[in-house]
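**Student:** Take a look at this one; I'll ask things after.
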Amino acid sequence: DTNAQIIKPILDQISRAWAKLFEFNLFEDFGKKAFDEVQTFLSEVEKSVPRGLRDRAKLQREVFLKETRLLLDAAVTLAGSSMTRRQRNISR
68 DTNAQIIKPI
78 LDQISRAWAK
88 LFEFNLFEDF
98 GKKAFDEVQT
108 FLSEVEKSVP
118 RGLRDRAKLQ
128 REVFLKETRL
138 LLDAAVTLAG
148 SSMTRRQRNI
158 SR
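Take 68 as the starting number for the sequence shown in the numbering used here and just add one per residue.
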């Protein structure tokens, strides 16, 4: 088929360009920056509480950071898999 022979190099080029674009994790930076912002905020809150409550505030901050890490990791994974799925649908 002549049309298939003509269009194949074009489609191959487009496929390679798409693959390069999505080789890196676009959401990884988002997760790291969001976590850093939450960490900074909680550190400021911890410093602002009265001295007698700082140990408790530190423990709460650590628990919250663990939960935040889990939630951000899940969100980044979900966003990445959703984007991959949609990219595959577009490529078809």
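Note that CB positions come from ideal geometry on N, CA and C, so glycine has one too.
Keep in mind that this is a model prediction, so the values were computed, not measured.
In whole angstroms, what separates the C-alpha of residue 106 from that of residue 132?
**Tutor:** 7 Å
**Student:** Nearest-angstrom Cα distance between residue 113 and residue 122?
**Tutor:** 9 Å
**Student:** Check the C-beta distance from residue 135 over to residue 94 and give it rounded, since I have them as a contact under 8 Å.
**Tutor:** Beta-carbon to beta-carbon, residue 135 and residue 94 are separated by about 15 Å, too far to satisfy the 8 Å threshold.
**Student:** In or out: residue 143 buried (at least 16 other Cβ within 10 Å) or exposed?
**Tutor:** buried
**Student:** Tell me whether residue 117 sits in a helix, a strand or coil according to DSSP, three-state version.
**Tutor:** coil
**Student:** Would residue 119 be called buried (16 or more neighbouring beta carbons within 10 Å of its own) or exposed?
**Tutor:** exposed
**Student:** May I have the straight-line CA-CA distance separating residue 150 from residue 156, to the nearest angstrom?
**Tutor:** In this structure, the alpha-carbon of residue 150 lies about 10 Å from that of residue 156.
**Student:** Can you tell me the Cα-Cα spacing of residue 98 and residue 108, whole angstroms?
**Tutor:** 15 Å
**Student:** I believe residue 124 touches residue 116 by the beta-carbon criterion, under 8 Å. Please report the beta-carbon distance rounded to the nearest angstrom.
**Tutor:** 5 Å
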